[in-house]
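Notes for the one structure printed next.
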Amino acid sequence: MDLLRSGLRGERAVLGAGLAATVVQQAALLALPWCVQHGLDEGITPGDSGRTVFWSVTTCLVAALMLVAAVAGKWWSNLAANRIAHALRGDLAARVGVLDRAALAPFGRGDLAMRVTRDTEMINAWVQGLTRWSRVVVTVLVVVPAVALLDPVLLTVLLVAMPLLGLLNAQFPGRYRAANERLSGAHGDRADAVEDLLSASAAVRGLGGEQVLVRRHGEVSAHVTRHTLGVARISAWWVSAPPALLRLAVAIGLAVGGLAAIDGRITVGSLVAFTSWMITMTVAVTVLVDLLVNRGQARVAAARVAEVLAAQPAVAAPHDPRPLPDSGMLSAVGVTAVRDGRTVLGPVDLLAAPGELVVVTGPTGSGKSVLVRLLCRLDDPDHGTVHFGGIDLRLADPEQVWRRIGVVPQRPVVLSGTLRDNITLDRDIDEDLVREACRVAALDEFIQDLPDGYDTVVGERGETLSGGQVQRLALARGLLDKPPVLVLDDVTSAVDAETERTILRRLRDWSPQTAIVFVSHRPAVVAAADRLITLAADREDMEVVGG
1 MDLLRSGLRG ERAVLGAGLA ATVVQQAALL ALPWCVQHGL DEGITPGDSG
51 RTVFWSVTTC LVAALMLVAA VAGKWWSNLA ANRIAHALRG DLAARVGVLD
101 RAALAPFGRG DLAMRVTRDT EMINAWVQGL TRWSRVVVTV LVVVPAVALL
151 DPVLLTVLLV AMPLLGLLNA QFPGRYRAAN ERLSGAHGDR ADAVEDLLSA
201 SAAVRGLGGE QVLVRRHGEV SAHVTRHTLG VARISAWWVS APPALLRLAV
251 AIGLAVGGLA AIDGRITVGS LVAFTSWMIT MTVAVTVLVD LLVNRGQARV
301 AAARVAEVLA AQPAVAAPHD PRPLPDSGML SAVGVTAVRD GRTVLGPVDL
351 LAAPGELVVV TGPTGSGKSV LVRLLCRLDD PDHGTVHFGG IDLRLADPEQ
401 VWRRIGVVPQ RPVVLSGTLR DNITLDRDID EDLVREACRV AALDEFIQDL
451 PDGYDTVVGE RGETLSGGQV QRLALARGLL DKPPVLVLDD VTSAVDAETE
501 RTILRRLRDW SPQTAIVFVS HRPAVVAAAD RLITLAADRE DMEVVGG
């Protein structure tokens, strides 16, 4: 709830205006039965046309005031709610953007999407409903004294119904919250299953794997359905039972009040007013139940959002980071990586001086991609150190590390959009630099042959591009900032030999003072190396050739 309170503090003025308007709206609504009562008792019953017209006009004015207040209250509450939801989405996106793989491991991609969308919408709905609490409060504060002035017996009917109403409402919040937590988890699981079904079905088609994904999606969808029905069952009783109790009180009050009107103890107008106010109380109770439901949903949603916002990257900036030089040598000394109690890399020593091409090779499972992540501090080694310009990377700001040491991953990400969007990542970069990066990556001729050139729209996740084209696009993206060190993880594995030789030659000419660490098993890359490091799968042997 701390997350919700902090969001509300920034919108106090807008919510205050919405609250004031809603109070006026509800006061006007409650004044309408009073106007009708006086119209009946002072105008229609005695046959006074003047008083009848007066109270008719007064009723119209009160209704108009209610309309204006309702529009204003709704507008201001929606404005505050959408601002808070927008801020939460921005905070979530910013937090996810800085979290590393270890921090994101507890969350699936589909589950994260649900936290950004469904959970923030639940918080939005809760904030929108905050001003409606005033309708419940104003109704109770006005109706109880008003009924007391009409007749003590009618007041007794109301006072007996209210504690019963409270006891009935107390049965549902805890059960609803627990059921909604299970439903939210099921929605996250289904979102992950949908993500897998959409992204992986093509890769496993023909192996029978697509049926496994479909079956998994069916299973988690069945869980969502079961938990949805569980929530609906509780909600159905919660929404229906309290208003039914008040309707029973209306029926009893009508019988008691009708006898009182026959005996002349109260007027017909008073009976009409009582019935109208009790109906208004029924509406207020329905609103109250909706608000309590929204509150339960918002608490669960806020806890899920706060869980992401509280996550911390495993690679963190030191309290007093040391500045890195603009250029320098990249070195790794005795670096070791341990995963789940098993050593997956090292110890490894590596040295890459400006202008050198250092190639890292080795069999599958020897830890080549793990080493890539350590060299650019996407992860920290369990033992050993990585230095740039003589400074331990753990002593520097990660943002500065990533500006000095660029990386092109083995499995690059392609975004929905144009080729230019994917290369520049929507940054304002000079067109000549973009074209030069594409030339070095041997992507320029392919783009020039396209009808729309750099404005060609690629499919979701690059489905319209081949594996080699995706690799070259990612390489061009990595070249734009001209980092002093460039780490390439098998970025030519899907290109033909001639294109690979072209890329190697152009990389050498592109920036003669850039240190390049190239992870690859391709013969052309190995042959071009100034220094070759061969990792062994048994972790006990590492061969360094050259330099």
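According to full-length UniProt numbering, the residues represented by the sequence shown are 1 to 547, in order.
Each residue gets a CB set at the ideal place from its N, CA and C atoms; glycine is no exception.
The structure presented is a predicted model; accordingly, all values stated were derived computationally and were not measured.
Backbone secondary structure at residue i - three-state DSSP
{"i": "proline 347", "result": "strand"}
{"i": "valine 476", "result": "It is worth fixing the name first, because residue 476 is alanine in this sequence and not valine. Here alanine 476 sits in helix by DSSP."}
{"i": "threonine 364", "result": "coil"}
{"i": "alanine 337", "result": "strand"}
{"i": "serine 520", "result": "coil"}
{"i": "alanine 536", "result": "coil"}
{"i": "valine 62", "result": "helix"}
{"i": "glycine 108", "result": "coil"}
{"i": "glutamate 11", "result": "coil"}
{"i": "glutamate 463", "result": "coil"}
{"i": "threonine 45", "result": "coil"}
{"i": "proline 173", "result": "helix"}
{"i": "valine 495", "result": "coil"}
{"i": "serine 511", "result": "coil"}
{"i": "aspartate 119", "result": "helix"}
Bridge partners - residue i, DSSP secondary structure assignment
{"i": "phenylalanine 54", "result": "According to DSSP, which records beta bridges pairwise, phenylalanine 54 is partnered with nothing at all."}
{"i": "valine 407", "result": "Val487"}
{"i": "arginine 5", "result": "Its beta-bridge partners do not exist; DSSP assigns none."}
{"i": "alanine 332", "result": "Leu350, Val386"}
{"i": "arginine 342", "result": "Arg339"}
{"i": "valine 358", "result": "Val517, Arg531"}
{"i": "valine 71", "result": "DSSP, once it has assigned bridges, lists no residue as partnering valine 71."}
{"i": "valine 457", "result": "Thr418"}
Distance, residue j Cα to residue i Cα
{"i": "alanine 529", "j": "proline 354", "result": "14 Å"}
{"i": "proline 106", "j": "leucine 99", "result": "12 Å"}
{"i": "alanine 441", "j": "aspartate 509", "result": "12 Å"}
{"i": "alanine 332", "j": "glutamate 307", "result": "35 Å"}
{"i": "proline 347", "j": "arginine 506", "result": "33 Å"}
{"i": "aspartate 91", "j": "glycine 108", "result": "18 Å"}
{"i": "valine 434", "j": "leucine 357", "result": "23 Å"}
{"i": "valine 401", "j": "leucine 393", "result": "7 Å"}
{"i": "arginine 177", "j": "valine 408", "result": "45 Å"}
{"i": "arginine 501", "j": "valine 487", "result": "18 Å"}
{"i": "alanine 429", "j": "valine 220", "result": "Position check: residue 429 holds isoleucine in this sequence, whereas alanine was assumed. C-alpha separation (whole angstroms): 45 Å."}
{"i": "alanine 241", "j": "alanine 81", "result": "29 Å"}
{"i": "arginine 132", "j": "arginine 295", "result": "12 Å"}
{"i": "glycine 16", "j": "glutamine 128", "result": "12 Å"}
{"i": "asparagine 124", "j": "isoleucine 84", "result": "7 Å"}
{"i": "arginine 12", "j": "aspartate 379", "result": "42 Å"}
{"i": "tryptophan 238", "j": "valine 287", "result": "12 Å"}
{"i": "alanine 249", "j": "leucine 154", "result": "10 Å"}
{"i": "leucine 375", "j": "arginine 216", "result": "38 Å"}
{"i": "valine 142", "j": "arginine 51", "result": "25 Å"}
{"i": "threonine 464", "j": "valine 194", "result": "21 Å"}
{"i": "leucine 245", "j": "alanine 232", "result": "20 Å"}
{"i": "leucine 8", "j": "tryptophan 75", "result": "16 Å"}
{"i": "valine 470", "j": "proline 483", "result": "21 Å"}
{"i": "arginine 522", "j": "methionine 114", "result": "42 Å"}
{"i": "valine 344", "j": "glycine 384", "result": "14 Å"}
{"i": "aspartate 192", "j": "glycine 185", "result": "11 Å"}
{"i": "threonine 45", "j": "leucine 292", "result": "43 Å"}
Neighbourhood of residue i by C-beta, 8 Å cutoff - its chain only, sequence neighbours within 5 removed
{"i": "tryptophan 55", "result": "Cys35, Val36, His38, Gly39, Glu42, Gly43"}
{"i": "aspartate 48", "result": "Glu42"}
{"i": "arginine 182", "result": "His227, Gly230"}
{"i": "alanine 261", "result": "Thr267, Val268, Ser270, Leu271"}
{"i": "threonine 321", "result": "This sequence places proline at residue 321; threonine is not what is there. Leu395, Ala396, Asp397, Gln400, listed in sequence order."}
{"i": "glycine 258", "result": "Leu271"}
{"i": "isoleucine 423", "result": "Val434, Ala437, Cys438, Tyr454, Leu473, Ala476, Arg477, Leu480"}
{"i": "valine 160", "result": "Ala249"}
Residues near residue i by beta carbon distance below 7 Å, same chain, minus five either side
{"i": "leucine 29", "result": "Met66, Thr280"}
{"i": "alanine 146", "result": "Trp277"}
{"i": "leucine 19", "result": "Thr131, Ser134"}
{"i": "glutamine 410", "result": "Ser369, Asp489, Asp490"}
{"i": "alanine 284", "result": "Arg135, Val136, Thr139"}
{"i": "isoleucine 234", "result": "Phe172, Arg175, Tyr176, Ala179"}
{"i": "proline 313", "result": "Val98, Leu99, Asp100, Ala103"}
{"i": "isoleucine 391", "result": "Arg322, Leu324"}
Closer than 7 Å: residue i CB and nearest the ligand HEM heavy atom
{"i": "glycine 328", "result": "The ligand HEM is absent from the structure shown, which contains no ligand whatsoever."}
6 Å CB neighbourhood of residue i in its chain, flanking five on each side removed
{"i": "alanine 69", "result": "Ala21, Val24, Gln25"}
{"i": "glycine 328", "result": "Phe388, Gly389"}
{"i": "valine 495", "result": "Gly468"}
{"i": "glycine 208", "result": "Its pLDDT being 47, under 50, glycine 208 is placed unreliably by the model, and the measurement read from it follows with that caveat. Within the same chain, glycine 208 has no close Cβ partners at all."}
Any C-beta of chain E under 8 Å from that of residue i
{"i": "valine 157", "result": "Here chain E cannot be found, since the structure has a single protein chain."}
Jot down the residue ranges of each uninterrupted alpha helix (DSSP H) in the segment 366-451, minimum 4 residues, whole runs only, in chain order. 368-375, 398-404, 419-424, 431-440, 444-448
Inside the segment 254-336 only - beta strand (DSSP E) runs reaching at least 3 residues: none
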